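Report on the following structure.
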Amino acid sequence: MNSFTERAAARFDGKFLNDVFFIEVFCGTSRLTACVRAGGLPDSFGVDHKIHKQAKSPVVKLDLVQNDQLALLWSFVEDPACAGVHLAPPCGTSSRAREIVLEGRKAPRPLRNETCPDGIPSLQGSEKVRVFQANRLYSITGEIFRRCTQLGVPASVENPARSWMWETSFWLDSVGATTFYETYCHHCMYGSSRKKWNKFVHNFVELSGVSALCDGTHEHLPWGYSHDGNFSTSEETAYPWKLCKALSHAYAAAWFAYGAIGAPLELEAVVNQHELQLAQSYANKQTRKRIPPLVKEFREIVVLQGPSSLLPVDKLDSDWAIPLQFKQNPEVKVLPSGSRMLRVQNTGGQAGPSEGNELEKAAPFDSSFDDTLEPDCEAVFGVPWSVDEFLERAASLVHPRNLHSGVPIELKDAIDWASWRSSCDMRNFRIGVIKEWLLLARDLNSAEKEIRLSLEPHVRTVLGQKRLKLFEHMLRQSGHGDVSLVDDIMKGFDIAGDIPKSAVFRKKFRPAELTVDSLRRNAKRVRSGILQSVHAEGDRLGSDHELAQAVYDATMKELSLGYLRGPYAESDLGPECSITRRFGVRQGQKVRPIDNYTESQLNQTTTVHETITLHTADVIAAASSYRLGLTDCTDRRCLQGKSWDLKRAYKQLPLSKRALQDSYLAVLNPKSLEVELFGQYVLPFGSTASVNCFGRLSYALWRTAVVCLRIHWTVFFDDFLCVEEKALCEHTQWVVDTFFRLTGWEISEDKEFPFGSEMVALGLVVDLSNASRGFFSLANTEKRKREVTEEIDCVIKRGSLSANEALSVRGRLQFAENQICGRRSVLAMRAISRHASSSGGRLGTRLVESLMYLKMRVGGMGPRMIRAGAVDTLHVYVDACCEQQSSVPAGLGGVLIDPNKGTQSFYSLMLDGAQLLRFNTTGSQNPIFELERMAIFISLHTWRNVLRGKNLVVFTDNQAAQACFVKCFSENSVGMGIILASCEEEERMEACCWFERVNTASNVADSPSRNDTARFRQEDRADLMEWDEYVCLCELAYERHGVVASAASVA
């Protein structure tokens, strides 16, 4: 195993786990994938020939007996970001259950036996086909396992322990001389109701820990037929969740052993710039994406090795002296109360290395086996912070809104550089760089001409007089990591197949669903359907005539500008050429042509390795806030803004020669009602590859100017937004204009405006008129507000919304909604998403209410204010207890803490039976979740005056309560009313709330929730209203907004 370990260490050492992915082949319900994703590999996915309706993770549908689809899987396995592969080939033809005779019932007959494990020779018809296909899959499984071992990729193969698969020549020959381990387990030891015996073959030792043979301490359901008449084996195909977690832990242990780096345990430790941007909360909308907590849950992790019989319960209610039989890492004598067992696995048991084909012929498991000789185990415990330790740690950290690391590092460096230089120094520096580039441009003239002559004719036409050699020099000078960008521009970009990596964006793997070969082979059939669809549009043109005419006119304009060629007849096209339908989307008074490259299946062939970086309004706000916070000088704070817009964006980049056959457009001529075909020369709007390709260019332009010219600007696709001191505005405009002219990338002159105190871009108004006083504002433009409200009115009047229209409306609303403080609008947005996912159609009452609510919010919300530097942060800790049989059945506690001053206020509220009954209208047996949420609402309402305008972190020890507030949703009306009432308080306070979890043992609010207030000064006790008043406020909130909340949960 040493050679594999060395290869694995070379592959994983220093690699971040959130940059790699895991594949579960033959995944079924993909539970294992779900556990691996939850463990820090969010791009992991399953592969199967059909997508199970209960799939828990993304699944790529591939039939591996088809060579082209198998080739796609091989491309995933060979990818450098592949971190692990688990394969569980179908065992139906190899099941020993076929040998069981069931009286009075016809059972499937055996298809293999000990003499003929590859299949009984006399098989005919469908049985013969099934065995043939299964054998092919066994061979593929062995080949992938062997290749993973060669690459240093942890891999495992699972089948029933007595499956004939292990004896087939297809498995044995394909796995070859590969060295591996074998491990056995019974599913009943992981929570299953039947004693299913499984075998794992694996190339890394850590998976041996899942070995767990039945200890005989529990009952099993019988095999045979289940109550619904199906074979009970069909109920045991999915792995138990506990087994999935154990397998995922084994893979994680291997990755860490090979030197991989896991996700940071605290937000402060995040070093990946792109991940930090997920944590920005300027719009008061905490992301639901997995990011580290502000304070890690456990102060310390302790690993114990010893006999499992001496282990305590999962959670310690009191201090536990560690027995001498255990080894500890780190060495500790006692685990304190509140410590929790995070996982446990055997370190001995039925596992060991096997050499090549010398598979151990294990006998059926003997239940009389002597279980007094227990195998050693490894248990991992989390040791919580004490209350005071947690308070001290939390006080040392900042609110995510104050994480100015959310400003891109290059931009932060440029702002820092400018902050201690005079205007004169900055002018001289930038002029020096521009002069250097002007001289270099002259020297490179001959080289530029040679490059242009070497290009494909259509590429040369599209690129025009762009100085690619100079641009390449600029990129090198700036240290830009996308070293192949200029070469890719010169070749033109493909829009099918693997999308090239830039090495500058955050890694995010999204697998293709279709091979390019399949696309070509099916092109004629697919385009026939698309042409019929466009013809049908002509038959029902009616009121859409104006839209169709606008799309056709835009197409004719592109033809006249040389972006298209044609028109063509279908007979002019080769059999492998793809056709894409062009349609129009209204955006205000304009119509944007969209090319549906998903319908033509081009987008399904793209494997994406990265997600492009977009500087949203939050980055604009964070960077400007950071800049203002660096100085108190009024002149240096007097900022103005200006935007530059790349002209016709995508149309400045060419397609490759190979992509020309993939980019034909079908456009309806609204006068003749004929379908006309045009070939594209430039990146199409609607292609997945186009987004990534253009994103590489715009990001390179942004970064070059930031690094080389120290320009304070951000980029969002084709919009560049610049902020500058008033004294330098004229100079900076000349510098940026010269930069674009030198490189040859065209900007929209019709959108040119000088620097000013208001900057309009992306549908936003950035008002810097008060920057000298230390604050500025962001708001939707009046035009955007008007367009959004008019669009909503139109949809409601029409009474219907197709799926495509719903996605378009959601996109427009999402951008506008980002400027709204508060999280209630998330509910209404979710309702639109659900409508789109259910194929659209007539508007229900709930969806109409949601649209009306968004219209009110977008149209009526004023600008949001952003202040210089950091805003004061306060912490609120909450807890609740519920023991209905007690004389005091419930209690709530809250503590308000200023990290700089300590405890400011607290409350302790005990409820009697009548009060709890008045609150528990849903009749819950244990309404602890609702009480935990109520503690949050009471805290926000009680301390609203103190919290106004502040950054707020709310700590709760109830994970369900935290999740409900983050996603702004609860399944029942009581919980939803509490959340809605809390959201109203948030919005009134204009506070930025961030919800965090704290371990119960570390929660300072635990004691006041149990009427223990000894640690607090009684003069700090808060004045509370009557309990019924709080309940009433929540009920009223649900009456006002409950319809919108319901729409979020109902398609």
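When you read off a place in the sequence shown, starting at 1, and then add 322, the result is the number in this note's numbering.
For glycine and all other residues, C-beta sits at the position ideal for the given N, C-alpha and C.
Bear in mind that the values here come from a model prediction, so they are computed numbers and not experimental data.
Contact check, V387 vs D370, beta carbons under 9 Å: For the purposes of this step, residue 387 is taken as the residue at position 65 of the sequence shown. For the purposes of this step, residue 370 is taken as the residue at position 48 of the sequence shown. Not a contact, by the Cβ cut-off of 9 Å.
CA-to-CA distance, Q667 to A568, given in whole angstroms: Along the sequence shown, one-based indexing puts residue 568 at 246. Along the sequence shown, one-based indexing puts residue 667 at 345. Whole-angstrom Cα-Cα distance: 8 Å.
Exposure of W739, with buried meaning 16 or more beta-carbon neighbours within 10 Å: For the purposes of this step, residue 739 is identified with residue 417 of the sequence shown, where counting begins at 1. By the neighbour-count criterion, in which a residue is buried when 16 or more other Cβ atoms sit within 10 angstroms of its Cβ, W739 is exposed.
Three-state secondary structure (DSSP) of P430: The residue given as residue 430 occupies position 108 in the sequence shown. Under the three-state reduction of DSSP, P430 is assigned to coil, being neither helix nor strand.
Given P544 as reference, the closest of V1028, F815, S515 and N1273 once Cα atoms are compared: On the sequence shown, residue 544 is found 222 positions in, with the first residue counted as 1. Among V1028, F815, S515 and N1273, the Cα nearest to that of P544 is on S515.
Nearest-angstrom beta carbon gap, A943 and I1188 [assumed within contact, 8 Å]: The residue labelled residue 1188 in the question sits at position 866 within the sequence shown. The residue labelled residue 943 in the question sits at position 621 within the sequence shown. Right, their Cβ atoms sit about 5 Å apart.
Integer Cβ distance of S1329 from R1337, believed to fall under 8 Å: Looking up residue 1329 in the sequence shown gives position 1007. Looking up residue 1337 in the sequence shown gives position 1015. The pair is a contact, with the Cβ atoms about 7 Å apart (cut-off 8 Å).
Three or more C-beta pairs below 8 Å linking the stretch 393 to 401 and the stretch 433 to 441: no
H524 - containing alpha helix (DSSP H), residue span: Residue mapping note: residue 524 aligns to position 202 of the sequence shown, counting from 1. Not the alpha helix (DSSP H): H524 falls in the beta strand (DSSP E), residues W519 to H524.
Through-space distance from H524 to F502, alpha-carbon basis: In the sequence shown, counting from the first residue as 1, residue 502 sits at position 180. In the sequence shown, counting from the first residue as 1, residue 524 sits at position 202. When rounded, the separation of the alpha-carbon atoms in F502 and H524 is 6 Å.
Close beta carbons around Q1284, own chain, < 8 Å, minus the five adjacent residues each side: Counting from 1 along the sequence shown, the entry for residue 1284 is found at position 962. Setting aside the 5 residues that flank it on each side, Q1284 is surrounded in the same chain by T1278, F1317, E1318 and R1319, each with a C-beta closer than 8 Å to its C-beta; the list follows chain order.
Selection from T471, I466, I442 and S478 that minimises the alpha carbon distance to A486: Position 164 of the sequence shown, counted from the start, is the residue given in the question as residue 486. In the sequence as displayed, the identity of residue 486 is Trp instead of Ala. Selected option, being the one with the closest Cα: I442.
Nearest to V838 (by Cα), restricted to the options Y573, R980 and E1254: If you number the sequence shown from 1, residue 838 lands on position 516. Measuring C-alpha to C-alpha distances from V838 to each of Y573, R980 and E1254 identifies R980 as the nearest.
Nearest-angstrom Cα separation, counted from E998 out to G1184: By one-based count along the sequence shown, residue 1184 stands at place 862. By one-based count along the sequence shown, residue 998 stands at place 676. So the alpha carbons of these two residues sit roughly 47 Å apart.
9 Å Cβ cutoff met for E770 and K791: To locate residue 770, count along the sequence shown from 1; it is residue 448. To locate residue 791, count along the sequence shown from 1; it is residue 469. Against a cut-off of 9 Å, the Cβ pair of K791 and E770 comes out as a contact.
Distance, S461 Cα to E597 Cα: Taking the first residue of the sequence shown as 1, we reach residue 597 at position 275. Taking the first residue of the sequence shown as 1, we reach residue 461 at position 139. Confidence at E597 is low in this model, with a pLDDT of 45, below 50, so its placement is unreliable and no value can be given for it.
Limits of the unbroken beta strand (DSSP E) element including T902: Within the sequence shown, numbered from 1, the residue matching residue 902 stands at position 580. Run containing T902: I901 to Q909, per the beta strand (DSSP E) assignment.
Nearest neighbour of G1375, chosen from G1096, L1176 and I1118 [CA to CA]: The structure shown does not extend to residue 1375, since the chain is modelled only from 323 through 1373, so no value can be given for it.
Segment contact, 8 Å Cβ cut-off, at least three pairs: the stretch 1109 to 1120 with the stretch 1162 to 1180: yes
Whole-number beta carbon distance between F367 and F334, since they are thought to touch under 8 Å: As a position in the sequence shown, residue 334 is number 12, starting the count at 1. As a position in the sequence shown, residue 367 is number 45, starting the count at 1. So it is not a contact: roughly 19 Å between Cβ atoms.
Residue burial classification, S1292 (beta-carbon count within 10 angstroms, cutoff 16): By 1-based counting over the sequence shown, the position of residue 1292 is 970. Classification for S1292: buried.
Close beta carbons around Q599, own chain, < 6 Å, minus the five adjacent residues each side: One-based indexing of the sequence shown puts residue 599 at position 277. For Q599, the predicted structure reports a pLDDT of 47, less than 50, and the residue's modelled location is therefore unreliable. A value from the coordinates is still provided. Excluding residues within five positions, the ones whose Cβ falls inside 6 Å are G728.
Cβ-based burial, G660 [other Cβ within 10 Å; buried from 16]: As a working note, residue 660 is residue 338 in the sequence shown. It counts as buried.
Every unbroken beta strand (DSSP E) inside the stretch 418 to 504 [3 residues or more]: If we require 3 residues or more, the beta strand (DSSP E) runs fully inside the stretch 418 to 504 come out as 477 to 482.
Where D320 sits in the DSSP three-state scheme: Summary: the structure shown does not reach residue 320, with the chain confined to residues 323 through 1373, and so no result is reported for it.
Separation of R782 from R774, as counted between CA atoms: Taking the first residue of the sequence shown as position 1, residue 774 is located at position 452. Taking the first residue of the sequence shown as position 1, residue 782 is located at position 460. Rounded to the nearest angstrom, the two C-alpha atoms are 6 Å apart.
Distance between R1156 and V1372 (C-alpha atoms, nearest Å): Here residue 1372 refers to the residue found at position 1050 when the sequence shown is read from its first residue. Here residue 1156 refers to the residue found at position 834 when the sequence shown is read from its first residue. Confidence at V1372 is low in this model, with a pLDDT of 48, below 50, so its placement is unreliable and no value can be given for it.
Closest by C-alpha distance to Q391, when choosing among L459, P364 and K450: Looking up residue 391 in the sequence shown gives position 69. Looking at L459, P364 and K450, the one whose alpha-carbon comes closest to that of Q391 is L459.
Residues that DSSP places opposite N991 in a beta bridge: Residue 991 sits at position 669 when you count from the first residue of the sequence shown. Answer is none; N991 lacks a bridge partner.
Member of N1267, G1245, R1186 and E1171 whose CA lies at the smallest distance from the CA of L1218: The residue you call residue 1218 lines up with position 896 of the sequence shown. For L1218, the nearest C-alpha among the options comes from N1267.
Outcome for P675 when other beta-carbon atoms lying within 10 angstroms are tallied against a minimum of 16: Sequence index remark: in the sequence shown, residue 675 carries index 353 (1-based). Because P675 sits at a pLDDT of 42, beneath the cut-off of 50, its placement in the model cannot be relied upon, and the following sentence gives the value as read from the coordinates. By the neighbour-count criterion, in which a residue is buried when 16 or more other Cβ atoms sit within 10 angstroms of its Cβ, P675 is exposed.
Opposing strand residues paired with K912 [DSSP bridges]: Here residue 912 refers to the residue found at position 590 when the sequence shown is read from its first residue. As DSSP reads the structure, K912 sits in a beta bridge with Q909.
Rounded C-alpha distance that separates G888 from S994: Against the sequence shown, residue 888 aligns to sequence position 566. Against the sequence shown, residue 994 aligns to sequence position 672. Their Cα atoms are separated by approximately 17 Å.
Same chain, Cβ closer than 6 Å to R842, five either side skipped, listed in chain order: Translated into the one-based positions of the sequence shown, residue 842 becomes position 520. Cβ contact annotation for R842 (same chain, cutoff 6 Å, sequence separation greater than five): E898, in chain order.
Under 9 Å between C-beta atoms of G513 and W577: Residue mapping note: residue 513 aligns to position 191 of the sequence shown, counting from 1. Residue mapping note: residue 577 aligns to position 255 of the sequence shown, counting from 1. Taking 9 Å as the cut-off, the beta carbon of G513 is found no closer than this to the beta carbon of W577.
Rounded Cβ spacing between V819 and T927 (contact assumed at less than 8 Å): Stepping through the sequence shown from its first residue, residue 819 is reached at position 497. Stepping through the sequence shown from its first residue, residue 927 is reached at position 605. Contrary to the premise, residue 819 reads as Gly rather than Val in this sequence. Contact flag correct, Cβ pair sits at about 6 Å.
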